[in-house]
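A.B. asks: Can you read through this structure? Questions will come right after.
There are 2 protein chains.
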Amino acid sequence: MTPEAPMQTPAHQLARDHRTISIAEFFEKNRHLLGFDSPTRGIITTVKEAVDNALDACEEVEILPDIFIGVHKLSDGLYKIIVEDNGPGILASHIPFVFGKILYGSRFHQIRQSRGQQGIGISAAVLYAQLTSGQPTQIISRCSYHEPAHEFLLGIDTEANEPNIVSHTEREWERAHGTRIEITLKATFSARKRLIEYLAYSSVVNPHTRITLDLDGEHMVFERTDHEPIKKAESIKPHPHGTELGRLQRMIAHKELPKHMTIHAFLVDQFSKIGIKTADEICIHAQIEKNTPISHLDLATLTALHAAMQQAKIPPPNAQACLSPITEDQIRQGILKEFNPDFASAKARTAIVYAGHPVVVEAALGYGGSLEAEGQAKLLRFANRVPLMYQQGACIITGAISAINWRNYGLSQQGLPLGPILLLVHVASTNVPFTSESKDAIAAVPEIEKEITLAVQELGRELKLFLSRRDKMRQSDERAQAICSFIPDIAQKVAETLERPVPDTSPIEGRILKRVVAKKQYRDGTVYLSVSNYTSTELDISIYCFSSDNLSLASPKPVYCDESDGEYTAVWNLHLACGEKWSAEFLGTGDGTIDLRGTSDEQKVVIDHVSS
Amino acid sequence: MTPEAPMQTPAHQLARDHRTISIAEFFEKNRHLLGFDSPTRGIITTVKEAVDNALDACEEVEILPDIFIGVHKLSDGLYKIIVEDNGPGILASHIPFVFGKILYGSRFHQIRQSRGQQGIGISAAVLYAQLTSGQPTQIISRCSYHEPAHEFLLGIDTEANEPNIVSHTEREWERAHGTRIEITLKATFSARKRLIEYLAYSSVVNPHTRITLDLDGEHMVFERTDHEPIKKAESIKPHPHGTELGRLQRMIAHKELPKHMTIHAFLVDQFSKIGIKTADEICIHAQIEKNTPISHLDLATLTALHAAMQQAKIPPPNAQACLSPITEDQIRQGILKEFNPDFASAKARTAIVYAGHPVVVEAALGYGGSLEAEGQAKLLRFANRVPLMYQQGACIITGAISAINWRNYGLSQQGLPLGPILLLVHVASTNVPFTSESKDAIAAVPEIEKEITLAVQELGRELKLFLSRRDKMRQSDERAQAICSFIPDIAQKVAETLERPVPDTSPIEGRILKRVVAKKQYRDGTVYLSVSNYTSTELDISIYCFSSDNLSLASPKPVYCDESDGEYTAVWNLHLACGEKWSAEFLGTGDGTIDLRGTSDEQKVVIDHVSS
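First to last, the sequence lines map onto chains U and Y. The working numbering puts the first residue of the first sequence at 484, with every later residue one more than the last. The working numbering puts the first residue of the second sequence at 484, with every later residue one more than the last.
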């Protein structure tokens, strides 16, 4: 500050209070922006930030993540959170900054998909812990077997936004590499269900991850279902269509660029998707000689260059390289595993670009099964493979889905559609536009909204088809059942007329109903088993038989047979083509029961002529 | 950074990308958090930030604000915004930081109501201008007649978050004191209506302010209606109930406090509302000897002290001093002036405390008049005298109002109540919890939600009373009209029976209907005017007469009389007590018409026996 005139104006008085505000002070005061708005949320936000970091770090070096989470109550309102990973570890010299300085990180300046990006989350948790419990955070990290682990106790000097190192020691650690954070904060743990949901959903979109949870002694494992590490997303150069004039100015003035670099070379070298020919065109359009050194460009020329860049036809950025979508197949598997619906489908849109950032929207829809039949659809929102657990109402995913007319797909709606429906939407981008630093909700960017709408509408059409087929099936089923109810009477009449025994009509019924029919019959000391496949598909199924007869002597021999207290259990595994019939026999009375496994209840008919 | 072992682990590779991120870089990338999410919003956000600062500065020194706003289109998509105020000005040495450094300001560390608080807004506008137009911002400011004005051209060094001064000169300026900012940014100006609304609403809650708008040559003035400057809100000390353990730790370690200060003196001196007796109690409860020097307290003792502070009975902070609510009367006047409803009422709640911050909620409700009869209620949201123009759906004000059962008050609802309704809610606090830095919506803090609900419910009850009274009035009106429809017939029958001329029944009708009755009659070359006040209130009204008769000769003489093309216009101003009658007469034919002004259409009956 330069010295002022001695006059004391009101401005002089006001100036006395002017001060730089540190970002740590700012976020300490406005901690609700970071998801630390209540003691209830503190635990989940802390776990989420640590897990995000662990997954990102593992992905960087393509390790299958193995994450341990501990939540322990120390006293009333005081909790200890532990998150430990098998990632690459963090260099000792960097640990204080990663955990003790807000806005410090490696991914902010890179254009690629990652969970963390700003370098805010985990240091905000350290800040919150310090504010509420007064205690520093413990970090242990190790980078390889050949080096010791490092243990830090640290906090944040809020006024300076710099790490405050309480202690630093080298130590033994059983892990070859990884990071462990132990953080003590004031909290109320009423969000147990939400924490478990968060981990379950994380597991759905990160099927390569194993998460182990210790909730004050209660253990849970979210096992990995995929054993391939996620391919690391690569950093790309900025796309010309998303580059603002001011940023172009800065790029050109960057100290690492040679002053005599030509504008043509600059365009080709510094941007995604500008080749020699496109660079030529841009220079011609902007009326700039292409060999002009970049240091010679004034604001007017740059403005023309920028306009020409925006107007040039340039392909979208390479989304394959820099994004890591979950894929339709894995989303669908995840839904089936987690919710077991009658119908499940997933759609991945091709990449689009908003403000220069590639975006891929993936969506999935599940219907029926174990999904809640009453009330609004269950909505799972994800951004860059992270479940979004709060502020559903403020998210464009909710907005886009609520704006769809679900009556078109045979559903009623109150905002979201009503019924046993699961909707999952994943937005993957090099820059997901969140509504706040807490990354709870995605902002209303029209391009993204449109992609969500298109993906979900496509799923809606598939659901409509499924529902109408199911209704048709039900109808034809009902007709078939109506016919079948007459058959035994007809058979009886015919038999009486012809004075012959009443024939067994169940195979006919099975054929009409298109089912798998398992039958047990008894004749003269022998029990006959048969399974007929009247469905329109090949089947791999098993027939179970429980009886006091000695099933181990059956022909053909069961693949499994066990006896206990005189009761036999036998299993035959069958492969039956359409229309094929299998049979077996054994000596005995035919007591006990039989059952089919490996086919749905609706598809099977079990006829037990002995016990019935 | 200390030197690392030479081993190259994956962690070494990752560490190469670790970097400090400047807050300017962060907000440049995440500018939607600041309300710069679209070219449409750019202009409004810029104006809003500059106006907020101007109003705050004027309030600090209790000047009546006079603000000029210019919005000028420079070329397609390029706009220049000018905001100029008559505030105290800013010292030249501070200007670069106020406008060219994010998180620099005077109000962050003060506990009192103000519009700006973080030191983000106006420098974010400078950052956005630089990013989109590449141009620096011009600032002119002057602190008194005895000093020259200073003119700066400046931008922000984004990577360092420091001002980048392009030029600085002293200059002449016609203002004695004030500040002018001229900022060039890329924008589309489709939000004309919203800008005008924003200024109109600002004017409602800042009645002491005059705002002049120049929209590319189109001028508008929002005139002040109150000529008293707002009383400056005073800074208060932190309240013990809102002080977290970590903050207490920092306060005790503050370098400006004498190390030997006793804990007792510290409590009394550093907090709001702790007197000697309360400090005694806290020390006893925490089992700390009250003369212990503050430098002797360890974490365990501090934790006990903190717990005792939270449990002590301490009155809420002094909201009168640090808050500046609008007041019921001014809100009501503002609504009446702006919307002219049939019913208007305002409620101010008494101050409450959330997390140590005092909050006052004020609400108002208008019904009928010029308010739109169809659709949802019009909702005006304000925080610390600033209109909130975006993200209505994400705001707790909307949430609280939608959660009220409006059927209780005789209204239907779809979220908000339906009908010709205006709802206004103002939240004033030393720390309004916004959902993001753009300060568009208030976060869901239960204490604040409850206050909004209670204030609006009270207004709902008043509205219900008004509506039921109005319905009763209408009913009795209808009855009176039914009776009046018989009177002429009865008069006619009676006159026929008695063989007398039919009497004039209109005064009777006026009396039954409780109206003001104006009558013009003609008899033998003289015209008689009369006005009878049958209402239950005293009235100041005017009677207008238009005629070719020479009204200037009437007795009593009109207060105003004009002749043009042989047509006279005359006006008499009358004060009539309840039941009082006024009359006048003049020579002529009685052609033309008469009218009453100064009373509602429903209240007056004009009977013109000559022209009818």
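Even glycine gets a Cβ: it sits at the ideal position worked out from N, Cα and C.
For U/Val609, which of U/Glu630, U/Lys563, U/Arg994 has the nearest alpha-carbon?
C.D. replies: U/Lys563
A.B. asks: Terminal residues of the continuous alpha helix (DSSP H) containing U/Gly560?
C.D. replies: Element bounds for U/Gly560: n/a, residue is neither H nor E.
A.B. asks: To be precise: take each residue of the stretch 831 to 853 of chain Y, compare its Cβ to all Cβ atoms of chain U, and keep it if any distance is under 9 Å. Which residues remain?
C.D. replies: Flagged: no residues at all.
A.B. asks: Please check if any C-beta of chain U sits within less than 8 Å of the C-beta of Y/His1058.
C.D. replies: no
A.B. asks: Threshold first: 3 residues or longer. Then list the beta strand (DSSP E) segments lying entirely within the stretch 1006 to 1070 of chain U, N to C.
C.D. replies: 1009 to 1016, 1022 to 1030, 1043 to 1047, 1050 to 1059, 1064 to 1070
A.B. asks: If we define contact as Cβ-Cβ less than 8 Å, is U/Gly729 a contact residue for chain Y?
C.D. replies: Yes, its Cβ sits closer than 8 Å to a Cβ of chain Y.
A.B. asks: Are the C-beta atoms of Y/Glu543 and some chain U residue less than 8 Å apart?
C.D. replies: yes
A.B. asks: Under 7 Å between beta-carbons, which chain U residues line up against Y/Phe509? List them in chain order, please.
C.D. replies: Neighbourhood of Y/Phe509 in chain U, by CB distance below 7 Å: Leu586, Gln601, in chain order.
A.B. asks: Tell me, please, whether the CB atom of Y/Ser627 is closer than 8 Å to any CB atom in chain U?
C.D. replies: yes
A.B. asks: Compare the C-beta of U/Glu487 with all C-beta atoms of chain Y and state if any pair is closer than 8 Å.
C.D. replies: For U/Glu487, the predicted structure reports a pLDDT of 47, less than 50, and the residue's modelled location is therefore unreliable. A value from the coordinates is still provided. Taking a beta-carbon distance threshold of 8 Å, U/Glu487 counts as an interface residue toward chain Y.
A.B. asks: Among Y/Val687, Y/Arg663, Y/Asp699, which one has its Cα closest to the Cα of Y/Asp1114?
C.D. replies: Residue 1114 of chain Y lies beyond the stretch modelled for chain Y, which goes from 484 to 1095, so this question has no answer here.
A.B. asks: Can you tell me which of Y/Ala829, Y/Arg625, Y/Tyr684, Y/Arg730 puts its alpha carbon nearest to the alpha carbon of Y/Glu657?
C.D. replies: Of the candidates Y/Ala829, Y/Arg625, Y/Tyr684, Y/Arg730, Y/Arg625 places its Cα closest to the Cα of Y/Glu657.
A.B. asks: Is the beta carbon of U/Glu1046 closer than 8 Å to that of U/Asn1016?
C.D. replies: Between U/Asn1016 and U/Glu1046, the C-beta spacing is not below 8 Å.
A.B. asks: Which whole-angstrom value is the C-beta distance of Y/Pro1104 and Y/Met744, which I expect to be below 8 Å?
C.D. replies: This structure cannot speak to residue 1104 of chain Y, because chain Y is shown only from 484 to 1095.
A.B. asks: According to the Cβ coordinates, are Y/Ile746 and Y/Ile771 closer than 8 Å?
C.D. replies: Against a cut-off of 8 Å, the Cβ pair of Y/Ile771 and Y/Ile746 comes out as a contact.
A.B. asks: Distance cutoff 8 Å, beta carbons only. Does Y/Leu946 sit that close to anything in chain U?
C.D. replies: Under the 8 Å criterion on CB atoms, Y/Leu946 is classed as non-interfacial with respect to chain U.
A.B. asks: Quick one: which residues of the stretch 853 to 865 of chain U get their C-beta closer than 9 Å to a C-beta of chain Y? List them in chain order.
C.D. replies: none
A.B. asks: If you run the structure through DSSP and keep just helix, strand and coil, what is U/Met744?
C.D. replies: coil
A.B. asks: Please report the distance separating the alpha-carbon of U/Arg675 from that of Y/Leu907.
C.D. replies: 38 Å
A.B. asks: What did DSSP end up calling U/Leu668 once you bin it into helix, strand or coil?
C.D. replies: For U/Leu668, the secondary structure class from DSSP, reduced to helix, strand or coil, is strand.
A.B. asks: When the Cα of Y/Ile526 is compared with those of Y/Glu711, Y/Val566, Y/Thr695, which residue comes out closest?
C.D. replies: Y/Val566
A.B. asks: Are any of the Cβ atoms in chain U nearer than 8 Å to that of Y/Phe519?
C.D. replies: no
A.B. asks: Is Y/Val1054 near the ligand NAD, going by C-beta to nearest heavy atom under 7 Å?
C.D. replies: Among the ligands in the structure shown, none appear at all, so the ligand NAD cannot be discussed.
A.B. asks: How big is the Cα-Cα spacing for U/Thr485 and U/Pro712?
C.D. replies: In this prediction, U/Thr485 scores a pLDDT of 47, lower than 50, which makes its location untrustworthy; the coordinate-derived value is nonetheless stated afterwards. Rounded to whole angstroms, U/Thr485 to U/Pro712 spans 58 Å at the Cα level.
A.B. asks: Assess contact between the stretch 688 to 698 of chain Y and the stretch 643 to 660 of chain Y, defined as three or more Cβ pairs (one per stretch) separated by less than 8 Å. Is contact present?
C.D. replies: no
A.B. asks: When Cβ atoms are compared, which residues of the stretch 567 to 584 of chain U fall closer than 9 Å to chain Y?
C.D. replies: Gly570, Pro571, Gly572, Ile573, Leu574, Ala575, Ser576, His577, Phe580, Val581, Lys584
A.B. asks: Are Y/Glu845 and Y/Ile809 close, meaning C-beta to C-beta below 8 Å?
C.D. replies: The answer is yes: Cβ separation under 8 Å.
A.B. asks: How about Y/Leu614: is its C-beta nearer than 8 Å to some C-beta of chain U?
C.D. replies: yes
A.B. asks: Between the stretch 898 to 922 of chain U and chain Y, which residues of the former have a C-beta closer than 9 Å to a C-beta of the latter?
C.D. replies: Asn914, Pro916, Phe917, Thr918, Ser919, Glu920
A.B. asks: So which residues of chain U does Y/His702 contact, with C-beta pairs closer than 8 Å?
C.D. replies: Correct list: empty, because the minimum Cβ distance to chain U is about 30 Å.
A.B. asks: Hey, could you find the ends of the alpha helix (DSSP H) Y/Met734 is sitting in?
C.D. replies: 728 to 735
A.B. asks: If you measure from the beta carbon of U/Leu740 to each beta carbon in chain Y, is any gap under 8 Å?
C.D. replies: No - not a single Cβ of chain Y is within 8 Å of the one on U/Leu740.
A.B. asks: Strictly under 8 Å for the Cβ-Cβ distance: is U/Ala498 near chain Y by that measure?
C.D. replies: Flagged as an interface residue toward chain Y: U/Ala498, by a C-beta distance shorter than 8 Å.
A.B. asks: How long is the line joining the alpha carbons of Y/Ser1097 and Y/Leu901, rounded to whole angstroms?
C.D. replies: Any answer about residue 1097 of chain Y is impossible in this case: the structure gives chain Y only from 484 up to 1095.
A.B. asks: Can you check the stretch 765 to 840 of chain U for any beta strand (DSSP E) of at least 3 residues that lies completely inside it and give the ranges in chain order?
C.D. replies: 826 to 831, 835 to 837
A.B. asks: What is the DSSP secondary structure of Y/Ile879, counted as helix, strand or coil?
C.D. replies: helix
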